[in-house]
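Enquirer: I have a structure I would like to understand better, so I am pasting it below and will then ask my questions one at a time.
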Amino acid sequence: MNQPTHHQIATYLTNYVLSELVKYVMEDTGCSIEDAMKRVYDSPLMTALQDEDGELYVQSPAYLYELMNNLKGLSV
Numbered sequence: 262m263n264q265p266t267h268h269q270i271a272t273y274l275t276n277y278v279l280s281e282l283v284k285y286v287m288e289d290t291g292c293s294i295e296d297a298m299k300r301v302y303d304s305p306l307m308t309a310l311q312d313e314d315g316e317l318y319v320q321s322p323a324y325l326y327e328l329m330n331n332l333k334g335l336s337v
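Using our numbering, you'd call the opening residue of the sequence shown number 262 and step up by one each time.
Here you go:
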């Protein structure tokens, strides 16, 4: 049986975190899934989350959601 590569694991975990972040946005704001996805994908956190070397994707979705909300206040 082949072991998953680092890239495969990172992709899986990133996708999981993104889906959880979208759920959190929908629950907190009552917006549609499309609007929630736009908020998550347009957030400053997105670039950092996709950086496999930074391994931010291993953090809990709840922590990342709080971080995303804090970063939102810093964006121009």
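Note that the Cβ used here is the ideal one computed from N, Cα and C, for glycine as well.
#1: Measuring CA to CA, which of Met298, Glu327, Lys333 and Pro305 is closest to Asn276?
#2: Leaving out five residues before and five after Met287 in sequence, what residues of the same chain have Cβ atoms less than 6 Å from its Cβ?
#3: Do Lys333 and Ser293 have their C-beta atoms closer together than 8 Å?
#4: Whose C-beta lies closer than 7 Å to the C-beta of Ala271 among residues of the same chain, with five residues either side of it excluded?
#5: Tell me whether the beta-carbon of Tyr285 lies closer than 8 Å to the beta-carbon of Tyr326.
#6: Quick one: is Met329 buried, meaning 16 or more other Cβ sit within 10 Å of its Cβ, or exposed?
#7: For Gln311, which three-state DSSP category applies?
Expert: Let's see:
#1: In the sequence shown, residue 276 corresponds to position 15, counting from 1. Nearest option by C-alpha distance: Met298.
#2: Taking the first residue of the sequence shown as position 1, residue 287 is located at position 26. Only Ala297 meet the Cβ criterion.
#3: For the purposes of this step, residue 333 is taken as residue 72 along the sequence shown, with counting starting at 1. For the purposes of this step, residue 293 is taken as residue 32 along the sequence shown, with counting starting at 1. No.
#4: As a working mapping, residue 271 is identified with position 10 in the sequence shown. Cβ neighbours of Ala271 beyond the five flanking positions: Glu313 and Tyr318.
#5: Sequence index remark: in the sequence shown, residue 285 carries index 24 (1-based). Sequence index remark: in the sequence shown, residue 326 carries index 65 (1-based). Cβ distance < 8 Å, so Tyr285 and Tyr326 count as in contact.
#6: Mapped onto the sequence shown, residue 329 falls at position 68. Looking at its Cβ environment, which holds 16 or more other Cβ atoms inside 10 Å, Met329 is buried.
#7: Locating residue 311 in the sequence shown gives position 50, counting from the first residue. Note: Gln311 maps to helix in three-state DSSP.
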